[in-house]
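A.B. asks: Protein sequences appear in the order of chains A and B. For the first sequence, the working numbering assigns the number 1251 to the initial residue and increments by one for each residue that follows. For the second sequence, the working numbering assigns the number 56 to the initial residue and increments by one for each residue that follows. Glycine included, every Cβ here is placed at the ideal spot set by N, Cα and C.
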Amino acid sequence: GAVVSQHPSWVICKSGTSVKIECRSLDFQATTMFWYRQFPKQSLMLMATSNEGSKATYEQGVEKDKFLINHASLTLSTLTVTSAHPEDSSFYICSARDPRDQETQYFGPGTRLLVL
Amino acid sequence: AQSVTQPDIHITVSEGASLELRCNYSYGATPYLFWYVQSPGQGLQLLLKYFSGDTLVQGIKGFEAEFKRSQSSFNLRKPSVHWSDAAEYFCAVGLNTGGFKTIFGAGTRLFVKA
């Protein structure tokens, strides 16, 4: 199946700093990528849909100025957590849709963010 | 509203025993149905999917799932569980509503005892 990578796999930062997480589709071009947030022992919460070359579509309740998404190429989407605070600590997972299999999402391994 | 229900928060089975994880969905039409598995600290891996056709679908790692329209269910099964199957399992529904969106169930954590 299609492969999606994320970098970094984990990050620890001080409160007030910004953190960028990269999501790459390795063997296919993804016009659409998704960003999820997962709290411990909970399901995935869709934060936003990232479309190549256009603005991301954010889910209700997600602050677009807080979570900046850029999808500058067909293989790369980035999520920047701006001015991170301890409550932003979470597991962030991206996924991408392979155009050859539009209905299926392939997930990255996730990025664990800890804000001190 | 569309929803996915996994009634069991956690399940414990003995190694070698059979497994069935339940999933029910609420949606007007036949949705796209998925089962994903997540090991601790990892992303999600697709086990199997159903779009149409044969209602019994085979997946990876010896898993299968059966779509039952009358029950709005898509239960996951495995005849003999291995210790390495211990993980979190998510049922998901794909909806095409002017843009494809996936809704996940709350997940079922599987514990395997020796």
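Roughly how many whole angstroms lie between the Cα atoms of residue 132 (chain B) and residue 1358 (chain A)?
C.D. replies: Using only the alpha carbons, I get a separation of about 25 Å.
A.B. asks: Residue ranges of each beta strand (DSSP E) run of no fewer than 3 residues wholly in the segment 81-164 of chain B, ordered along the chain?
C.D. replies: With a minimum length of 3 residues, the continuous beta strand (DSSP E) runs that stay inside the segment 81-164 of chain B are 87-93, 99-105, 111-113, 119-123, 128-133, 142-151 and 155-159.
A.B. asks: At the level of alpha carbons, what is the spacing between residue 138 (chain B) and residue 93 (chain B)?
C.D. replies: Approximately 14 Å between the Cα atoms of the pair.
A.B. asks: Within 10 angstroms of the Cβ of residue 83 (chain B), are there 16 or more other Cβ atoms? Answer buried if so, exposed if not.
C.D. replies: Looking at its Cβ environment, which holds fewer than 16 other Cβ atoms inside 10 Å, residue 83 (chain B) is exposed.
A.B. asks: Pull up the distance between the alpha-carbon of residue 1257 (chain A) and that of residue 125 (chain B), whole angstroms please.
C.D. replies: Approximately 43 Å, taken between the alpha carbons.
A.B. asks: Does the beta carbon of residue 1267 (chain A) sit closer than 8 Å to a beta carbon anywhere in chain B?
C.D. replies: Not closer than 8 Å to any Cβ of chain B, the Cβ of residue 1267 (chain A) fails to qualify, so no.
A.B. asks: Beta carbon of residue 1248 (chain A), beta carbon of residue 1259 (chain A): below 8 Å?
C.D. replies: Any question about residue 1248 (chain A) goes unanswered here, given that chain A covers just 1251 to 1366.
A.B. asks: Does the segment 1306-1317 of chain A come into contact with the segment 1273-1282 of chain A, if we say contact requires no fewer than three beta-carbon pairs (one atom in each stretch) closer than 8 Å?
C.D. replies: Result no; under three Cβ-Cβ pairs closer than 8 Å.
A.B. asks: Residue 1325 (chain A): which of A:1354, A:1335, A:1283 and A:1334 sits nearest, CA to CA?
C.D. replies: Looking at the Cα atoms, A:1283 is the closest of the given residues.
A.B. asks: So, does the CB of residue 1311 (chain A) fall closer than 8 Å to a CB anywhere in chain B?
C.D. replies: So no, residue 1311 (chain A) is outside the interface.
A.B. asks: Which of the three DSSP states, helix, strand or coil, is assigned to residue 77 (chain B)?
C.D. replies: Three-state DSSP puts residue 77 (chain B) in coil, outside helix and strand.
A.B. asks: Is there a Cβ from chain A that is less than 8 Å from the Cβ of residue 157 (chain B)?
C.D. replies: Chain A contact via Cβ: present.
A.B. asks: Quick one, are the C-beta atoms of residue 1271 (chain A) and residue 1356 (chain A) less than 8 Å apart?
C.D. replies: In this structure, residue 1356 (chain A) does not lie closer than 8 Å to residue 1271 (chain A) by Cβ.
A.B. asks: Go to residue 1312 (chain A), then tell me how far its beta strand (DSSP E) extends in each direction, as first and last residue.
C.D. replies: Run containing residue 1312 (chain A): none; DSSP gives neither H nor E here.
A.B. asks: Identify the continuous beta strand (DSSP E) that holds residue 1284 (chain A) and give its terminal residues.
C.D. replies: Element bounds for residue 1284 (chain A): 1282-1288.
A.B. asks: For a test of the three-state rule: what should DSSP assign to residue 1337 (chain A), helix, strand or coil?
C.D. replies: Of the three classes helix, strand and coil, the one that applies to residue 1337 (chain A) here is helix, per DSSP.
A.B. asks: Apart from the five residues just before and just after residue 1333 (chain A), which ones in its own chain have a Cβ nearer than 8 Å to its Cβ?
C.D. replies: So the list reads 1266, 1267, 1268 and 1316, once near-sequence residues are dropped.
A.B. asks: Compare the Cα-Cα distances from residue 141 (chain B) to each of B:86, B:65 and B:111 and report the closest residue.
C.D. replies: Residue 141 (chain B) has its Cα closest to that of B:65, out of B:86, B:65 and B:111.
A.B. asks: Exposed or buried, residue 1254 (chain A), counting other C-beta atoms within 10 Å across all chains shown (16 or more means buried)?
C.D. replies: Buried: at least 16 other Cβ atoms inside 10 Å.
A.B. asks: Can you name the residues of chain A whose CB is closer than 8 Å to the CB of residue 88 (chain B)?
C.D. replies: Residues of chain A passing the Cβ test: none, with the nearest at roughly 10 Å.
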